[in-house]
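**Student:**
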Amino acid sequence: MKELEKIRFTRKNLPREEYFFPGHRGCQGCGEALALRLAMKALGKDTIVASATGCIEIISSPFPETAWGVPWIHVAFENTAAVISGVEAALKVLTRKGRIPEKRIFCVGVAGDGGTADIGLQALSGALERGHDILYLCFDNEAYMNTGIQRSSATPFGAWTTTSPPGKKAKGQMTWKKNLPEIAIAHNIPYVATASPAYPYDLMNKVRRGAEIKGPAYVHIFSPCPTGWRCPSNLSIEVARLAVETGVFPLFEVIEGKWRINQPKGELKPVEDYLKLQGRFRHLDEETIKFIQKRVTEEWEKLKKKASLFPYEE
Amino acid sequence: MKLSWREIKPGAVITEPGSSRKLRTGDWRSERPVVDKEKCNKCGMCYIFCPEGAIHENEEGYFESDLYYCKGCGLCAHECPQKAIKMVPEG
Amino acid sequence: MKRVALEGSIAVAEAVKQANVDVIAAYPITPQTHIVEKLSEIVASGELDAEFVPVESEHSALSVCIGASACGARAFTATSGPGLALMAEIVFIASSMRLPMVMVLCNRTLSAPLSIWNDHSDAMLVRDSGWIQVFVNSAQEAYDHVFLGYRISEDHRVLIPYMIHMDGFFLTHAIEPVELVDQELIDRFLPPYKPLYRLDPSDPVTMGAFVMPDQYAEVKKAQDEALKSSYQVILEVWEKWGELTGRFYRPVEGFYLEDAEYAFLSVGSYGEVAQEAVEFLRGKGKKVGLLKLRLWRPFPFEELRKALRGVKALLVIDRAICPGGPGGPVALEVRSAFYQMDGPRVVDFIVGIAGRDTTPEDYVKMFEMAPELLEKGPENYVFYGVKE
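From first to last, the protein sequence lines stand for chains L, B and Y. Residue 111 in our numbering sits at position 111 of the first sequence; the count goes up by one each step and never skips. Residue 72 in our numbering sits at position 72 of the second sequence; the count goes up by one each step and never skips. Residue 192 in our numbering sits at position 192 of the third sequence; the count goes up by one each step and never skips.
1. Terminal residues of the continuous alpha helix (DSSP H) containing LEU390 (chain Y)?
2. Along the chain, where does the alpha helix (DSSP H) containing ARG96 (chain L) start, and where does it finish?
3. Please report the straight-line C-alpha distance between LYS70 (chain B) and ASP113 (chain L), rounded to a whole angstrom.
4. Could you check the C-alpha separation between MET1 (chain L) and PRO64 (chain L) for me, to the nearest Å?
5. Where does MET396 (chain Y) sit, in a helix, a strand or coil, going by DSSP?
6. Report yes or no: is there a C-beta of chain Y within less than 7 Å of the C-beta of ALA89 (chain L)?
7. In whole angstroms, what separates the C-alpha of PRO329 (chain Y) from that of PRO17 (chain B)?
8. For GLU18 (chain L), does the three-state DSSP call read helix, strand or coil?
9. Taking the alpha helix (DSSP H) that ALA222 (chain Y) falls in, what are its first and last residues?
10. Looking at the C-beta of GLN18 (chain Y), does it have a partner C-beta in chain L at a distance below 7 Å?
11. Using a Cβ-Cβ cut-off of less than 9 Å, list which residues of the region 3 to 19 of chain B approach chain Y; keep chain order.
12. In the structure shown, what three-state DSSP assignment does ASP140 (chain L) receive?
13. Which same chain residues, not among the five before or five after ARG99 (chain L), have their C-beta less than 7 Å away from its C-beta?
14. Please confirm whether VAL64 (chain Y) has its beta-carbon closer than 7 Å to some beta-carbon of chain L.
15. ILE66 (chain Y) by DSSP, collapsed to three states: which one?
16. What residue range does the beta strand (DSSP E) around VAL43 (chain Y) cover?
17. So, with DSSP's three-state summary, where would you put TRP229 (chain L)?
18. Could you give the residue range of the alpha helix (DSSP H) that holds ILE237 (chain L)?
19. Mapping the DSSP letters down to three states, classify GLU314 (chain L) as helix, strand or coil.
20. For a quick check, are the C-beta atoms of VAL110 (chain L) and VAL49 (chain L) less than 7 Å apart?
21. Three or more beta-carbon pairs under 8 Å between the region 243 to 260 of chain Y and the region 156 to 163 of chain Y, yes or no?
22. Is DSSP giving HIS78 (chain B) helix, strand or coil here?
23. Listing by chain order, which chain L residues have their CB less than 7 Å from the CB of GLN223 (chain Y)?
24. Which residues mark the beginning and the end of the beta strand (DSSP E) in which LYS22 (chain B) is found?
25. Who does CYS106 (chain Y) pair with in a DSSP beta bridge?
26. Using the three-state DSSP reduction, which class does VAL267 (chain Y) fall into: helix, strand or coil?
27. Per DSSP, LYS86 (chain B) is paired with what?
28. Any contact of the region 147 to 160 of chain Y with the region 13 to 30 of chain Y, i.e. 3+ C-beta pairs under 8 Å?
29. Give a yes or no on whether 7 Å exceeds the smallest Cβ distance from LEU159 (chain Y) to chain A.
30. Would you say the region 226 to 246 of chain L touches the region 27 to 34 of chain L, given that touching needs at least three Cβ pairs under 8 Å?
31. For ASP318 (chain Y), write down the residues that DSSP places opposite it in a beta bridge.
32. Go ahead and pull the three-state DSSP assignment for GLN340 (chain Y).
33. Do the CB positions of HIS220 (chain L) and CYS107 (chain L) come within less than 7 Å of each other?
34. Which of helix, strand or coil does DSSP assign to PRO51 (chain B)?
35. Just tell me which of L:VAL271, L:TYR218, L:LEU180 and L:LEU303 has its CA closest to the CA of GLN263 (chain L).
36. Between Y:LEU180, Y:VAL347, Y:ALA337 and Y:GLY67, which has its C-alpha nearest ALA13 (chain Y)'s C-alpha?
Okay, here's the thing in structure tokens:
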């Protein structure tokens, strides 16, 4: 098959086509919808998307309308990775048998944190292990937002959700966020990356790179939710930027097991700068904030250590 | 407009891509972005950061929000590097 | 045509190969394992050009089939009992998304207790799933129905997945004579799958949209009507197969029913044993017959009523129970078929739970028990042979 020209996005070649159209039912300021819109620009029209039940699926497919400009299928909540595996297998064999023309079509699974870290983890693990040529995008808004802001294993420590409310006997989410990128890395797949819509070109390039690479790729996309995080709708990007700048959500890639950190240069800002913008952290006491800061700093040091041990050289 | 059971395609398949564009999500907003063309340097960051994809480049190269879809979230105004966009209350 | 001795599972695998299936998704579970083992050999050797996807659960197996069918590929999977239960969410989705595919369900009892043995509790779990469902009685039938299944489910007038119920161990593991159909005939009978809609970037569609209450009932009615009207296509295609191979399958098959006063009604392979008992009883001058129910969904109301005309008492051989309910599932359906009409009185025997074997003598005993049971009334069902 003719090798795809590797596209890298900059201001000069930013695609103007939309494949995720307006009219979708996303909340005002939805960081997830924005991230998806950018991801779809990066992927282009020769893409098939399988979605999990969740915010993206609900805002984009209210029968008889659809916000999708590419072929799209939704089946259930926990099987995105399995459905897209079936799509990939079908395209592979149909091409081989000459029933469809030979053409590179990106097979992309789109799911939220609930549909990936919790109920969808098994299917994801299976798909990554089997080595399908797929891209899996986890849009992480850190809770089961579509059903009304319930906690998931990706909800950050201390966060209020409707099922991890602070009270006399509790302080909000009391477990640390499950590290999905590390789980993906443990499957030894060719490409794992984290991305944030506050760094749109970085996001688009990572999505594109993951799609272009042969074999499974996983990109974890930080998706601010003003509704669930209790912040004004115009702060989604600022929150997404601060998450990176404070080290709460560091940007990095692991390419064939070699690490590359894409953080903007400079010291990490204090996590409090990030936490104070969001109502879901409003109840946190000083002790908890200190704990979060300590843990974030530890994780950041660990990340830098790993990157120095197995650095990616171009 | 409700479809009869005979009119619905098998499996409720939707064959018109992007038909969501029928919905006037602009009805949702209580504020609207207004661009100060003096300050705007046509960088296009507002175009990038619109979750609706409602902002378009016009012939002059300035970026305008399509008020049919604009939900008034204010991201464009907040992120504009030149502070050229102001959110103005509707009505 | 080649006549060979084949294990039921191997016959199914041969059929999947000859049907030129594109994607096989498989998770092993007893007693389905020989099917997927043979299929993986067939693919590994190059005899069949297909993608064999060794999934990590049954739920994912059917999900892979959905993804594949949605792209226009011919997809196959098989499972049993608890595997079907895990898969159940997706079983309902495959049919309501109107995606053609064939699944062989090697009937195995649902847990608990854990048992690998055969009954129809797994089949009854998905009775209302919207699939076309047949119960086969032999390895030959299982083989034939793979081709019938693809031809029927892929027909644009149908677009409904096809489930073949095949008794675990009794049919999957028994070696029987099977006539393999020439590939040339198969290729003419079963052309490549041409989907009505498929995931194709040149013509993007959205599959699996959510539907609000004001429109949902219409989607379901359309699905129900499609399943009901598939009956005609099923008859048409089964007839064609008969012309091709000499094996004519009918939704119900009657033996000695013309002047029968009593009749057994069987679903699946246990009917083969009941048939021997009927032959024996006929030898004794008893007016007894047998009806084998092959097409389970869409239910063959008319053919059933016609075949049982004149029968006074129907002894239903149920291979599953409805705990706390009015009887076994097949008896319930048959009673409904005759509701407010002239029809036989129904005696409900629960037989062969989790593979408990029966002999022709057992059916003779049931025949002898029947008159007394008829006195007791419709809510009664008998767990035949259970130690009190």
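Where a beta carbon is used, it is the ideal one built from N, C-alpha and C, also for glycine. Please read these numbers as outputs of a predicted model, since none were measured by experiment.
**Tutor:** Taking the coordinates as given:
1. Chain Y is shown only over 1 to 388; residue 390 (chain Y) falls outside these bounds and no answer can be derived.
2. The sequence position of residue 96 (chain L) within the first sequence is 96, counting from 1. 80 to 96 is the extent of the alpha helix (DSSP H) around ARG96 (chain L).
3. On the second sequence, residue 70 (chain B) is found 70 positions in, with the first residue counted as 1. On the first sequence, residue 113 (chain L) is found 113 positions in, with the first residue counted as 1. For clarity, residue 70 (chain B) is Cys in the given sequence; the question names Lys instead. Their backbone Cα atoms lie some 27 Å apart in a straight line.
4. For the purposes of this step, residue 1 (chain L) is taken as residue 1 along the first sequence, with counting starting at 1. For the purposes of this step, residue 64 (chain L) is taken as residue 64 along the first sequence, with counting starting at 1. Confidence in MET1 (chain L) is poor, its pLDDT being 38 and thus under 50, which makes the residue's placement too unreliable to answer from.
5. Beyond the ends of chain Y as shown, which are 1 and 388, falls residue 396 (chain Y); an answer cannot be given.
6. As a first step, residue 89 (chain L) must be located in the first sequence, where it is residue number 89. Contact of ALA89 (chain L) with chain Y is assigned, a C-beta pair being separated by under 7 Å.
7. Numbered from its first residue, the third sequence carries residue 329 (chain Y) at position 329. Numbered from its first residue, the second sequence carries residue 17 (chain B) at position 17. Each residue's Cα considered, the two are about 44 Å apart.
8. Counted from its first residue, the first sequence places residue 18 (chain L) at position 18. Coil.
9. As a position in the third sequence, residue 222 (chain Y) is number 222, starting the count at 1. For ALA222 (chain Y), the enclosing alpha helix (DSSP H) begins and ends at 213 to 245.
10. As a position in the third sequence, residue 18 (chain Y) is number 18, starting the count at 1. With 7 Å as the cut-off, GLN18 (chain Y) does not count as an interface residue toward chain L.
11. Along the region 3 to 19 of chain B, the positions whose C-beta sits under 9 Å from a C-beta of chain Y are LEU3, SER4, TRP5, ARG6, GLU7, ILE8, LYS9, PRO10, GLY11, ALA12, VAL13, ILE14, THR15, GLU16, PRO17, GLY18 and SER19, read in chain order.
12. Working through the first sequence from its first residue, we reach residue 140 (chain L) at position 140. ASP140 (chain L) falls in the strand class under three-state DSSP.
13. Position 99 of the first sequence, counting from 1, holds the residue named residue 99 (chain L). Same-chain partners within the cutoff: there are none.
14. Position 64 of the third sequence, counting from 1, holds the residue named residue 64 (chain Y). Chain L contact via Cβ: present.
15. To locate residue 66 (chain Y), count along the third sequence from 1; it is residue 66. Under the three-state reduction of DSSP, ILE66 (chain Y) is assigned to helix.
16. Against the third sequence, residue 43 (chain Y) aligns to sequence position 43. Taken as a continuous stretch (DSSP letters only), VAL43 (chain Y) belongs to no beta strand (DSSP E), being part of the alpha helix (DSSP H) at 33 to 44.
17. On the first sequence, residue 229 (chain L) is found 229 positions in, with the first residue counted as 1. In the displayed model, TRP229 (chain L) falls within a helix according to three-state DSSP.
18. To locate residue 237 (chain L), count along the first sequence from 1; it is residue 237. Element bounds for ILE237 (chain L): 236 to 245.
19. In the first sequence, the residue the question calls residue 314 (chain L) occupies position 314. In this structure, GLU314 (chain L) counts as coil in the three-state DSSP scheme.
20. Taking the first residue of the first sequence as 1, we reach residue 110 (chain L) at position 110. Taking the first residue of the first sequence as 1, we reach residue 49 (chain L) at position 49. Result yes, Cβ atoms of VAL110 (chain L) and VAL49 (chain L) sit closer than 7 Å.
21. No, the region 243 to 260 of chain Y does not touch the region 156 to 163 of chain Y.
22. For this step, residue 78 (chain B) is matched to residue 78 along the second sequence. DSSP, read as helix, strand or coil, puts HIS78 (chain B) in helix.
23. Within the third sequence, the letter at position 223 stands for residue 223 (chain Y). Neighbours of GLN223 (chain Y) on chain L: none; closest Cβ ~14 Å, over 7 Å.
24. Indexing the second sequence from 1 puts residue 22 (chain B) at position 22. Where LYS22 (chain B) is concerned, there is no enclosing beta strand (DSSP E), given that its DSSP letter is neither H nor E.
25. As a working note, residue 106 (chain Y) is residue 106 in the third sequence. Bridge partners of CYS106 (chain Y): Y:MET166.
26. Translated into positions along the third sequence, residue 267 (chain Y) becomes position 267. Three-state DSSP puts VAL267 (chain Y) in coil, outside helix and strand.
27. By 1-based counting over the second sequence, the position of residue 86 (chain B) is 86. LYS86 (chain B) is bridged to B:VAL34.
28. These segments touch.
29. Here chain A cannot be found, since the structure's protein chains are L, B and Y.
30. Yes: the two stretches touch, three or more of their Cβ pairs being nearer than 8 Å.
31. For the purposes of this step, residue 318 (chain Y) is taken as the residue at position 318 of the third sequence. For ASP318 (chain Y), DSSP records a beta bridge to Y:ILE350.
32. Numbered from 1 along the third sequence, position 340 holds the residue referred to as residue 340 (chain Y). In the three-state reduction of the DSSP assignment, GLN340 (chain Y) falls in the coil class, being assigned neither a helical nor a strand state.
33. Mapped onto the first sequence, residue 220 (chain L) falls at position 220. Mapped onto the first sequence, residue 107 (chain L) falls at position 107. Not in contact: HIS220 (chain L) and CYS107 (chain L) (Cβ atoms no closer than 7 Å).
34. On the second sequence, position 51 is the one that residue 51 (chain B) refers to. In this structure, PRO51 (chain B) counts as coil in the three-state DSSP scheme.
35. On the first sequence, position 263 is the one that residue 263 (chain L) refers to. Checked all of L:VAL271, L:TYR218, L:LEU180 and L:LEU303; the closest Cα to GLN263 (chain L) is L:LEU303.
36. Walking along the third sequence from the start, residue 13 (chain Y) turns up at place 13. For ALA13 (chain Y), the nearest C-alpha among the options comes from Y:LEU180.
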